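Data first, discussion second: the structure below is written as structure tokens.
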């Protein structure tokens with residue numbers, strides 16, 4: 002299972018601000034405008050993230066146990082850009098700080114030792130680079 006599916010800490014730690022053109026009022030299939038509020042002349046933010054205590058309205062989670070974004074295919078670009086620590090082979094200060102704030106240990110490289118780290122994406126492809134998952138290894142043939 003993708004480590005984010007048992008976390009959700011970032012969605013209760015940071016303001017989720019994005020350009021108003023990302024909303025479904027401006028772009029078909031965009032972020033649901035009903036779940037956002039105006040932040041300034043050019044930006045919206047997800048409801049629940051503007052001030053403390055932060056909890057994104059689109060989050061369905063018990064932090065550290067289970068987590069899912071109810072608008073994952075339509076989430077803002079800022080959410081798409083956040084990487085969990087070691088997901089791309091390097092730590093993420095944002096991820097680490099959000100997890101620590103909830104009493105969770107930062108992720109390590111060992112948390113990514115499974116076959117398809119991007120298998121929970123909504124883009125319909127096996128992973129982010131378009132490659133299919135590797136075929137299972139067959140046992141060697143006896144001579």
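Residue numbers (the numbering used here): 2 to 144.
Virtual Cβ for every residue (Gly too), placed ideally from N, Cα, C.
Keep in mind it's a predicted model, so treat the numbers as computed, not measured.
Identify, in the order they occur along the chain, each residue of the same chain with its Cβ nearer than 6 Å to the Cβ of residue i, setting aside the five sequence neighbours on each side.
| i | result |
| --- | --- |
| residue 34 | 24, 25 and 26 |
| residue 18 | 40, 44 and 46 |
| residue 96 | 85 and 86 |
What separation, rounded to the nearest whole angstrom, lies between the Cα atoms of residue i and residue j?
| i | j | result |
| --- | --- | --- |
| residue 45 | residue 21 | 6 Å |
| residue 54 | residue 48 | 12 Å |
| residue 81 | residue 75 | 10 Å |
| residue 70 | residue 61 | 6 Å |
| residue 108 | residue 63 | 18 Å |
| residue 16 | residue 110 | 27 Å |
| residue 2 | residue 77 | 23 Å |
| residue 89 | residue 112 | 12 Å |
Which same chain residues, not among the five before or five after residue i, have their C-beta less than 7 Å away from its C-beta?
| i | result |
| --- | --- |
| residue 93 | 84, 85 and 86 |
| residue 5 | 68 and 85 |
Using 7 Å as the threshold, is the C-beta distance between residue i and residue j below it?
| i | j | result |
| --- | --- | --- |
| residue 36 | residue 65 | no |
| residue 8 | residue 57 | no |
Apart from the five residues just before and just after residue i, which ones in its own chain have a Cβ nearer than 8 Å to its Cβ?
| i | result |
| --- | --- |
| residue 72 | 32, 33, 36 and 59 |
Touching or not, the stretch 101-111 and the stretch 38-47, by the rule of three or more beta carbon pairs under 8 Å? No contact exists between the stretch 101-111 and the stretch 38-47.
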